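Just so you know, the protein sequences line up as chains A and B, in that order. Numbers in our numbering are just positions in the first sequence, counted from 1, shifted up by 2. Numbers in our numbering are just positions in the second sequence, counted from 1, shifted up by 72. Down below is the structure, laid out as structure tokens.
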Amino acid sequence: MSGGEGRRGVAIALASTVVFFTVLAIAITHAPGWPEVRRTFFDWGQFKDSMPEIADAFLLNVKMFCIAEGFILVFALVLAVIRSLPGPVFFPMRVLGIAYADFFRGVPTILVIALLGFGAPALQLEGVPLSTTFWGIVSLVLVYTAYVSEVYRAGIESVHPSQDAAARSLGLTHLQSLRKVVLPQAVRRVIPPLLNDFIGLQKDTALVGFLGAIEAFKASQIDAAATFNYTPFLCAAVLFVALTIPLARFTDWLVARDRRRRQAAGVR
Amino acid sequence: MSEALVVEGLHKSFGDLEVLRGIDLAVAEHEVVCLIGASGSGKSTLLRCVNLLEPIDAGRIVVEGDEITSRGVDVNRIRRRIGIVFQAYNLFPHMSVLDNVTLAPTLVLRKPRGEARQDATELLARFGLADKRDDYPDRLSGGQQQRVAIVRALAMRPDLMLLDEVTSALDPELIAEVLNVIRELAAGGMTMLIATHEMSFARDIADQVCFLDGGLILEQGPPEEILSAPKEPRTQQFLQRIIEAGRL
Chain A
3 MSGGEGRRGV AIALASTVVF FTVLAIAITH APGWPEVRRT FFDWGQFKDS MPEIADAFLL
63 NVKMFCIAEG FILVFALVLA VIRSLPGPVF FPMRVLGIAY ADFFRGVPTI LVIALLGFGA
123 PALQLEGVPL STTFWGIVSL VLVYTAYVSE VYRAGIESVH PSQDAAARSL GLTHLQSLRK
183 VVLPQAVRRV IPPLLNDFIG LQKDTALVGF LGAIEAFKAS QIDAAATFNY TPFLCAAVLF
243 VALTIPLARF TDWLVARDRR RRQAAGVR
Chain B
73 MSEALVVEGL HKSFGDLEVL RGIDLAVAEH EVVCLIGASG SGKSTLLRCV NLLEPIDAGR
133 IVVEGDEITS RGVDVNRIRR RIGIVFQAYN LFPHMSVLDN VTLAPTLVLR KPRGEARQDA
193 TELLARFGLA DKRDDYPDRL SGGQQQRVAI VRALAMRPDL MLLDEVTSAL DPELIAEVLN
253 VIRELAAGGM TMLIATHEMS FARDIADQVC FLDGGLILEQ GPPEEILSAP KEPRTQQFLQ
313 RIIEAGRL
């Protein structure tokens, strides 16, 4: 493609985008209920008033997300490796792995949160934390470990068996081959779908609000109930999106960097 | 001459398909044995069985006097002594050439890193790959990749090398560079079992040629005998087809 054609392409894309969104904006703002919607959802004054409080609550979402993500990355990898172990000796472990993944992918996240968040503290056992945030994180880890292990497993299975054969033929054990040859290739391939699950996780931290933890969604709910205005929800939405976009770009960058490295001669 | 490899009554099936139907074979130390035969005759499977990449159904395999097919042997120890090179190279794409070569010596033989790197560098230089040391496999030609794969196997200092149609995936102009490496290994006294479609190469390099057909060694002997004056009609037929294809 020549430079001229490239510039023309950009110009067309720009023009069509402007036209599309102008038409959409006109259609919405001329709807009969628009003034009312605008007052209850898009109140700039309300937005500014609510934002600090909700942003503060959102830190709890970020904290839950970061802690949960660390555990999920490790546990899911362990689960995926267990499910990949060969031979009849490991049959019971493979069955347990499958049962775990089936169960936690099948049960709605909000139910796991409710069962653990209300159930575990109710046992009143010595040493069992009462914090709703704690049980919220545990629930998210349990559920997302099941999802992410499937992603890892798909990655492991996408590495051609000849790679493992080559490693084993050099005398590497199954675990050495997995660690040095199969997993590094598998993990690189699944970075985009892993990100997908992490965006899901970020959003599902809002479900912990159900237990009463004051995270962004719960905070906006309280705010909305106090002011009869839904703009606080918009604040929460903006915050969630703002967290997702940098993560998505970061992943794109990781993938691109890996591709460049492999194609560049002698660069490490 | 002592035997580097003895295979006795080797049987191997994949499901209902019996691929090896009783293979008997002996390779003496420093000997080069070429396996020829049509695709599907069991050449690759035989090599994979010798390296224990495929579990066998019946028979024995003895390497340097040790039966490797008996119960309870440590397959990882066995495989250190047997190098295998595959048709599709199977280099590790996420590692540089040097890391491909040093992985097993450092991890399996527990060689110090510096020593392993130095050994690898010397081996790479010996096969004309010194300047490819830090490249990733995708950057190399097929012939270069296959030479790296050979070096990777050699870095384990194996007693026996198995070569599985190592030139079949290469463009014709790249075949010679790989065959020359194998000639050099043979000249250095490496014991090798080679599955190949390159008949003139087999004639040059082999001490013995085995013709496999339907999972059996149908005919076996010095190359001039098997390739020029085969006794079995099946061997004659196979070689006739090779000649017609212009490969002999």
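Where a beta carbon is used, it is the ideal one built from N, C-alpha and C, also for glycine. Since the structure is predicted, the reported quantities are computational estimates derived from the model, not experimental observations.
C-beta contact flag for residue i and residue j at 9 Å
{"i": "A:G214", "j": "A:K205", "result": "no"}
{"i": "B:G114", "j": "B:G81", "result": "no"}
{"i": "B:Q218", "j": "B:A241", "result": "yes"}
{"i": "B:V122", "j": "B:I154", "result": "yes"}
{"i": "B:L226", "j": "B:L257", "result": "yes"}
{"i": "B:G137", "j": "B:S85", "result": "no"}
{"i": "A:T42", "j": "A:F230", "result": "yes"}
{"i": "B:E304", "j": "B:F283", "result": "yes"}
{"i": "B:L89", "j": "A:L174", "result": "no"}
{"i": "B:M228", "j": "A:L172", "result": "yes"}
{"i": "B:P294", "j": "B:D279", "result": "yes"}
{"i": "B:F273", "j": "B:I254", "result": "yes"}
{"i": "A:T253", "j": "A:P194", "result": "yes"}
{"i": "B:G117", "j": "B:V79", "result": "The question names Gly, yet the displayed sequence has Thr at residue 117 of chain B. No. Outside cutoff."}
{"i": "B:L125", "j": "B:Q292", "result": "no"}
{"i": "A:L142", "j": "A:V210", "result": "yes"}
{"i": "A:L196", "j": "A:V243", "result": "no"}
{"i": "B:P177", "j": "B:A188", "result": "yes"}
{"i": "A:A122", "j": "A:V130", "result": "yes"}
{"i": "B:P209", "j": "B:F164", "result": "yes"}
{"i": "B:L175", "j": "B:I133", "result": "no"}
Sequence-distant residues of its chain with Cβ nearer than 7 Å to residue i (five each side left out)
{"i": "B:L119", "result": "I156, L234, D236, L265, A267"}
{"i": "A:F67", "result": "L203, Q204, T207"}
{"i": "A:L256", "result": "I193"}
{"i": "A:L144", "result": "F106, V114"}
{"i": "A:V83", "result": "L180"}
{"i": "B:G215", "result": "L242, L246, E249, V250"}
{"i": "A:M3", "result": "Below a pLDDT of 50, predicted positions are generally treated as unreliable, and A:M3, at 49, falls in that range; no measurement from the model is reported."}
{"i": "A:A33", "result": "none"}
{"i": "B:R185", "result": "T178"}
Cβ-based neighbour list, residue i, same chain, cut-off 8 Å, excluding 5 preceding and 5 following
{"i": "A:W36", "result": "I30"}
{"i": "A:I56", "result": "A218, A221, S222, D225, P234, C237, A238, L241"}
{"i": "A:K182", "result": "A169, L174"}
{"i": "A:L87", "result": "M95, R96, H176"}
{"i": "A:A184", "result": "First, the residue type needs correcting, since residue 184 of chain A is Val and not Ala in the sequence shown. So the list reads I158, V161, Q165, D166, A169, once near-sequence residues are dropped."}
{"i": "B:L196", "result": "V169, L170, V173, A202, K204, R205, V220, V223"}
{"i": "B:F310", "result": "I108, G109, A110, F283, D285"}
{"i": "A:A70", "result": "I139, L142, V143, Y146, L203, T207"}
{"i": "B:T307", "result": "F283, D285, L290, E291, I298"}
Reference residue i; option with closest CA among the options
{"i": "B:A110", "options": "B:H269, B:V180, B:F164, B:L201", "result": "B:H269"}
{"i": "A:A227", "options": "A:A13, A:Q48, A:L26, A:E152", "result": "A:Q48"}
{"i": "A:V140", "options": "A:G119, A:V183, A:V192, A:Q126", "result": "A:G119"}
{"i": "A:R251", "options": "A:I201, A:F22, A:I158", "result": "A:I201"}
{"i": "A:V97", "options": "A:S52, A:A208, A:L81", "result": "A:L81"}
{"i": "B:D207", "options": "B:S168, B:E187, B:Y161", "result": "B:S168"}
{"i": "B:A100", "options": "B:V135, B:H83, B:G112, B:Q309", "result": "B:V135"}
{"i": "A:L249", "options": "A:L127, A:V12, A:A101, A:D199", "result": "A:D199"}
{"i": "B:V147", "options": "B:I128, B:Y161, B:A160, B:N162", "result": "B:I128"}
{"i": "B:N162", "options": "A:F92, A:H32, A:P163", "result": "A:P163"}
{"i": "A:R85", "options": "A:L196, A:G138, A:A156, A:G11", "result": "A:A156"}
{"i": "B:G94", "options": "B:A176, B:A160, B:E194, B:L290", "result": "B:L290"}
{"i": "B:E103", "options": "B:L232, B:L246, B:R306", "result": "B:L232"}
{"i": "A:S59", "options": "A:A258, A:I14, A:T135", "result": "Note that residue 59 of chain A corresponds to Ala in the displayed sequence, not to Ser. Checking every option, the nearest Cα to that of A:A59 belongs to A:T135."}
{"i": "B:R152", "options": "B:Q312, B:P165, B:H166, B:R182", "result": "B:R182"}
{"i": "A:I112", "options": "A:W137, A:Q126, A:G89", "result": "A:W137"}
Residue i at chain D interface by Cβ criterion, 9 Å
{"i": "A:V183", "result": "The structure shown contains no chain D; the protein chains it does contain are A and B."}
Nonlocal neighbours in the same chain, by C-beta distance under 6 Å from residue i, ignoring five residues either side
{"i": "A:L16", "result": "none"}
Residue i CB to nearest heavy atom of the ligand MG below 8 Å
{"i": "A:A148", "result": "In the structure shown, the ligand MG is absent, as is every other ligand, since no ligand is present at all."}
Practice prompt. Jot down the residue ranges of each uninterrupted beta strand (DSSP E) in the region 177-257 of chain B, minimum 3 residues, whole runs only, in chain order.
Written response: 232-236
Worksheet entry | Cβ contact (3+ pairs, closer than 8 Å) linking the region 74-90 of chain A and the region 252-264 of chain A | no
Discussion item. Suppose only complete runs of 3+ residues qualify. What are the beta strand (DSSP E) ranges in the region 102-179 of chain B, listed by chain order?
Written reply: 104-108, 130-135, 154-157
Worksheet item: Between the region 102-121 of chain A and the region 141-150 of chain A, do three or more beta carbon pairs fall short of 8 Å?
Response: yes
Worksheet entry | Cβ pair count under 8 Å reaching 3, the region 138-149 of chain B against the region 186-197 of chain A | no
Worksheet item: Residue ranges of each alpha helix (DSSP H) run of no fewer than 4 residues wholly in the region 126-166 of chain A, ordered along the chain?
Response: 134-160
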